[in-house]
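The numbers in numbering that gives the first Met the number 0 rise by one with no breaks, and the one at position 224 of the sequence shown is 223.
Each residue gets a CB set at the ideal place from its N, CA and C atoms; glycine is no exception.
Please read all numbers here as calculations on a predicted model, not as lab measurements.
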Amino acid sequence: MRRSPLHSVLLACGLLLAGLGCGPQGDCGCTPPPSGMVQGRVVDGQGLPVGGAEVCVVTTTGSDSVHPGLSVEAKGSSRADGTFELPASVGHHRLLARTRVGGTVFLPRLGPEFEVKAVGMLVVGQDLELTATVPATLTVTITPVHSAQQEDALLLEQRLLAEGIEFTLTIASLKPAVAGGVETVAFASQPPGTYALSLWRSETTGTHPVVGTAKATLTLVEGAALEHALTVQ
Numbered sequence: 000m001r002r003s004p005l006h007s008v009l010l011a012c013g014l015l016l017a018g019l020g021c022g023p024q025g026d027c028g029c030t031p032p033p034s035g036m037v038q039g040r041v042v043d044g045q046g047l048p049v050g051g052a053e054v055c056v057v058t059t060t061g062s063d064s065v066h067p068g069l070s071v072e073a074k075g076s077s078r079a080d081g082t083f084e085l086p087a088s089v090g091h092h093r094l095l096a097r098t099r100v101g102g103t104v105f106l107p108r109l110g111p112e113f114e115v116k117a118v119g120m121l122v123v124g125q126d127l128e129l130t131a132t133v134p135a136t137l138t139v140t141i142t143p144v145h146s147a148q149q150e151d152a153l154l155l156e157q158r159l160l161a162e163g164i165e166f167t168l169t170i171a172s173l174k175p176a177v178a179g180g181v182e183t184v185a186f187a188s189q190p191p192g193t194y195a196l197s198l199w200r201s202e203t204t205g206t207h208p209v210v211g212t213a214k215a216t217l218t219l220v221e222g223a224a225l226e227h228a229l230t231v232q
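If you want it as structure tokens, here you go:
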């Protein structure tokens, strides 16, 4: 059976979400891969500990050498003293902190690559320094709106930079709805940076063929409230 691009995108997003639940700290009942551990500490620009910051172990995915994707393998939160400890399977990884603590939003921090060489190995000293920022809001208006026999799949990604390499991280994957004759989606409290929007419109009958697409690359600045019209072609 021939699969549409929309089906492939939703499948990929589903696999990413499955990875979040079935990683070494997942609760889906699957058997986690043999792993080691990585330890570090999260601090702010003044060197003070940041407790409650979400930290993820991420791996590079896909064959896109220009903007390789990041897949979350494990995640947890820093302790009151800023320290954290996370499982990491054998192989090459990075640490990612894209977090909000209380009312403070921090810029995403992608750490350098580290390697777990053997099961049971402990990697230490993977510290992350976070910078507080003023979050931005992105409002996307999709035109023309989809009909009652159509649905849209909207993907928001952020591009992160580490060691001169730009990585792509999935932020949200959703199906916008039409309300009052308008199709609008708001992404509040986003850290400033470069984002990519991708939309696929498909029919909801038959083989669900894709009938339109739209793409855009945007830059959010600190404290901005950006409105963008995404036109489906």
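On a CA-only basis, which of the options is nearest residue i? Give me that one, please.
i: Leu229; options: Thr206, Leu137, Met36, Leu159; result: Leu137
i: Leu155; options: Leu219, Ala178, Met120, Val123; result: Leu219
i: Thr193; options: Ala135, Gln149, Leu173, Thr204; result: Ala135
i: Leu121; options: Val37, Ala223, Pro175, Val139; result: Val37
i: Cys55; options: Ser76, Leu47, Val49; result: Ser76
i: Leu217; options: Ser197, Gly124, Gln232; result: Ser197
i: Glu53; options: Trp199, Leu129, Val231, Thr59; result: Leu129
i: Ser201; options: Thr169, His92, Lys174, Gly46; result: Lys174
i: Ser70; options: Gly61, Gly102, Val57, Ala213; result: Val57
i: Glu114; options: Leu153, Thr59, Pro190; result: Thr59
i: Gly44; options: Leu85, Val89, Phe105, Gly61; result: Phe105
i: Val89; options: Ala195, Val100, Val118; result: Val118
i: Gln149; options: Glu84, Phe186, Thr203; result: Thr203
By the 10 Å Cβ neighbour count, where 16 or more other Cβ atoms means buried, how is residue i classified, buried or exposed?
i: Gly39; result: buried
i: Asp151; result: buried
i: Gln157; result: buried
i: Thr98; result: buried
i: Gln125; result: buried
i: Cys27; result: Per-residue confidence for Cys27 stands at a pLDDT of 45, beneath the threshold of 50, marking its modelled position as unreliable; the derived number appears in the next sentence. Exposed, because fewer than 16 other Cβ atoms sit within 10 Å of the Cβ of Cys27.
i: Ser34; result: buried
i: Leu94; result: buried
i: Ser188; result: exposed
i: Val49; result: buried
i: Ala176; result: exposed
i: Leu47; result: exposed
i: Met0; result: Caution is warranted here: a pLDDT of 38 is assigned to Met0, below 50, making its placement in the model unreliable, and no coordinate value can be reported.
i: His92; result: buried
i: Ala171; result: exposed
i: Ala79; result: exposed
i: Ala178; result: exposed
i: Ala213; result: buried
i: Ala224; result: exposed
Do the CB positions of residue i and residue j come within less than 7 Å of each other?
i: Leu127; j: Ala87; result: no
i: Val298; j: Gly51; result: Because the chain spans 0 through 232 in this model, residue 298 falls outside it and cannot be assessed.
i: His207; j: Val139; result: no
i: Val123; j: Gly81; result: no
i: Gln232; j: Gly205; result: no
i: Ala73; j: Thr103; result: no
Worksheet item: Below 8 Å, can you find three or more Cβ-Cβ pairs linking the stretch 166 to 182 to the stretch 133 to 150?
Response: Between the stretch 166 to 182 and the stretch 133 to 150, the count of C-beta pairs closer than 8 Å reaches three or more; the two stretches touch.
Fill in: Segments assigned beta strand (DSSP E), at least 3 residues, entirely inside the stretch 52 to 78
DSSP runs (the beta strand (DSSP E)) wholly in the stretch 52 to 78: 53 to 60, 68 to 76.
Worksheet item: Touch check for the stretch 158 to 168 and the stretch 99 to 116: three-plus C-beta pairs under 8 Å?
Response: A contact exists between the stretch 158 to 168 and the stretch 99 to 116.
Fill in: Contiguous beta strand (DSSP E) assignments of at least 3 residues, all confined to the stretch 189 to 219
Within the stretch 189 to 219, the complete beta strand (DSSP E) runs of at least 3 residues are 192 to 202, 209 to 219.
Discussion item. So, does the stretch 165 to 180 touch the stretch 57 to 66, judging by three or more C-beta pairs under 8 Å?
Written reply: A contact is defined here as three or more CB-CB pairs under 8 Å, and the stretch 165 to 180 meets this definition with respect to the stretch 57 to 66.
Worksheet entry | alpha helix (DSSP H) runs wholly inside the stretch 131 to 174, at least 4 long, in chain order | Assignment of alpha helix (DSSP H) within the stretch 131 to 174, counting only whole runs of 4 or more residues, yields no such run.
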